[in-house]
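Colleague: Mapped onto mature numbering (1 follows the signal peptide of the UniProt record, and there is no 0), the consecutive letters of the sequence shown carry residue numbers -25 to -1, 1 to 323.
Handing you a structure now.
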Amino acid sequence: MLKTNRFTRRSLLGAAALAASASLALTGCVAGEDSEAAAGATAASDGVLNIDFATYNPLSLVIKEKGWLEATLADQGVEVNWVQSAGSNKANEALRSGAIDVGSTAGSAALLARANGSPIQTISLYSQPEWAALVTLPDSGIDSVEDLKGKSIAATKGTDPYFFLLQSLEEAGLSQDDVTVQNLQHADGWTALNNGSVDAWSGLDPIMAGAEQEGAELFYRNLDFNTYGFLNATESFLEEEPELAQTVVNAYEKARAWAAENPEETAQILADVAGLDLEVATTVITERSNLDVDPAPGETQRAVLEKVGPAFVETGDVASQAQIDEALETLLNDSLVQAADPAAIKES
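Printed below as a string of structure tokens:
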């Protein structure tokens, strides 16, 4: 049974918490789009599951399109409120404010948020993507990471492309001080590159795949610098609504199996939501998104995040390595995946 006191409390606190979250830019929780954030905050009432969907999380698009959560939760009197996340930073903001219960981020962004006090846990992995790369335009004179010295680069702080950029600079013997980083949301970064406002862009699929089709060049790629797709939930949601949280993970496992059997339709769903050509969406799904990943967050992801964590301290995004270490010990929660039952999800 749902506990109505939880939803009542969230409806009273949601707006104030959301406003407070706008000041958290360097924690991976920067100010979100007003329409999306406000919708999530005001919808937090009795009997509502607030959950995000994102074009960088194809499984979320499948679940939303198929109406599986709505069908499964209808008998319980639970409404499903879908809130779009434009990036990991937006999902982190909404999770921290209480505007959503479950949100999609990159692993690096989840670690950053947890290290800075956001009470979230990762309850499933939705993909192992190659969703970030460094992008420029033809004839820019930029052929390698070393060529970025003295250049301006668009990147969305608090997201995997931002951390991809930091790791790439470090590997090339450069630091953040050697470049100018323009903090722009992913779509705005591509626009800035396209109109000449920046020299390069640390891009994110599927926007990046569309840019590539339009002639943009991915001049540096490195799968190892991409962290996994993390599905996160607030600790209060997990503690107070464990059955509802289990239903969400059940739906993700149903979507994972369905996407594996229906890659063409999965690509079409992505194309429709993201406004992409089907060819571009197919590239994202079949070539740059491993949806058949083990969904249980564990030691593999911890090892990846251990490499990323020290960079947060070096850049000042996290105050100490001790905060990183504590976050690594408390972030990953595989209990719901281990108990997942996709057959419990109803067809719409």
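Glycine included, every Cβ here is placed at the ideal spot set by N, Cα and C.
1) What do you reckon, are the CB atoms on Ile320 and Asn169 nearer than 9 Å?
2) For the structure I just gave you, are there three or more beta carbon pairs, one from the stretch 270 to 287 and one from the stretch 186 to 197, closer than 8 Å?
3) Which of the three DSSP states is assigned to Ser310 in this structure?
4) How far does the alpha helix (DSSP H) with Asp247 in it reach, from first residue to last?
5) Buried or exposed for Ala186, going by 16 or more other Cβ atoms inside 10 Å?
6) Between which two residues does the alpha helix (DSSP H) containing Leu280 stretch?
7) Under a Cβ-count criterion, where at least 16 other Cβ atoms within 10 Å of its own Cβ denotes burial, should Pro136 be classed as buried or exposed?
8) For Asn237, count the other beta carbons within 10 Å of its own beta carbon; 16 or more makes it buried, fewer makes it exposed. Which is it?
9) Please report the straight-line C-alpha distance between Ser172 and Glu146, rounded to a whole angstrom.
10) Determine the extent of the alpha helix (DSSP H) in which Glu54 is found, giving its start and end residues.
11) By the DSSP assignment, the alpha helix (DSSP H) with Val255 in it spans what residues?
12) Do you know whose CA, among Ser127, Val223, Ala286 and Glu239, lies nearest Thr155's CA?
13) With 9 Å set as the bound, which would you pick, yes or no: does the beta-carbon of Gly250 sit closer than that to a beta-carbon of chain C?
14) Hey, how far is the Cα of Gly250 from the Cα of Thr305?
15) Is there contact between the stretch 78 to 89 and the stretch 284 to 300, where contact requires at least three CB pairs shorter than 8 Å?
16) Let's test the definition: count the other Cβ atoms within 10 Å of the Cβ of Glu121 and tell me whether it reaches 16, buried, or not, exposed.
17) Would you give the residue range spanned by the alpha helix (DSSP H) that Ile38 belongs to?
18) When you compare the CB positions of Ala107 and Asp180, do they come within less than 9 Å of one another, or not?
19) On a Cα-Cα basis, can you pick out the residue from Ser93, Leu100 and Thr30 that is closest to Arg277?
20) Is it buried or exposed, Lys229, if we count other Cβ atoms within 10 angstroms and call 16 or more buried?
21) For a quick check, are the C-beta atoms of Ser35 and Leu266 less than 9 Å apart?
22) Could you work out which residue in Trp233, Asn64 and Trp176 is closest to Tyr31 when comparing CA atoms only?
23) Helix, strand or coil for Thr111, going by three-state DSSP, please let me know.
24) With a Cβ-Cβ cutoff of 9 Å, do Leu109 and Gly178 count as a contact?
25) By Cβ distance, which residues of its chain are closer than 7 Å to Gln221, with the 5 residues on each side in sequence left out?
26) Would you please state the rounded distance, in angstroms, between the beta carbons of Gly78 and Glu54? I believe it to be under 8 Å.
27) Verify whether the separation of the beta carbon atoms of Asp27 and Ser60 is less than 9 Å.
28) Residue range of the beta strand (DSSP E) that Ser72 falls in?
29) Just to confirm before moving on: does the CB-CB distance between Asn243 and Ala256 stay below 9 Å?
30) Could you give the DSSP three-state label for residue 403: helix, strand or coil?
Modeller: According to the structure shown:
1) No, Cβ-Cβ distance for Ile320 and Asn169 is not below 9 Å.
2) no
3) helix
4) Under the DSSP assignment, Asp247 falls in the alpha helix (DSSP H) whose first and last residues are Pro238 to Ala249.
5) For Ala186, the number of other beta carbons within 10 angstroms of its own is at least 16, and it is reported as buried.
6) Glu274 to Thr290 is the span of the alpha helix (DSSP H), which, as asked, contains Leu280.
7) Pro136 counts as buried, since no fewer than 16 other beta carbons sit within 10 angstroms of its beta carbon.
8) exposed
9) 26 Å
10) Unbroken run through Glu54 is the beta strand (DSSP E), Glu54 to Gln59; no alpha helix (DSSP H).
11) Leu253 to Glu262
12) Selection Ser127, Val223, Ala286 and Glu239 evaluated against Thr155 yields Ser127 as nearest (Cα-Cα).
13) Here there is only one protein chain, and chain C is not present.
14) 37 Å
15) Three or more beta-carbon pairs separated by less than 8 Å link the stretch 78 to 89 to the stretch 284 to 300, which places the two stretches in contact.
16) exposed
17) First-last of the alpha helix (DSSP H) with Ile38: Pro33 to Lys41.
18) A distance below 9 Å separates the beta carbons of Ala107 and Asp180.
19) Leu100
20) buried
21) No, the pair does not count as a contact, with Cβ atoms beyond the cut-off.
22) Asn64
23) strand
24) yes
25) Leu311 and Ala314
26) Wrong, their Cβ atoms sit about 18 Å apart, outside the cutoff.
27) yes
28) Taken as a continuous stretch (DSSP letters only), Ser72 belongs to no beta strand (DSSP E), being part of the alpha helix (DSSP H) at Ser63 to Ser72.
29) For clarity, residue 243 is Gln in the given sequence; the question names Asn instead. Yes, Cβ-Cβ distance for Gln243 and Ala256 is below 9 Å.
30) Lying before the first or after the last residue shown, residue 403 is absent from the chain, which here runs from -25 to 323.
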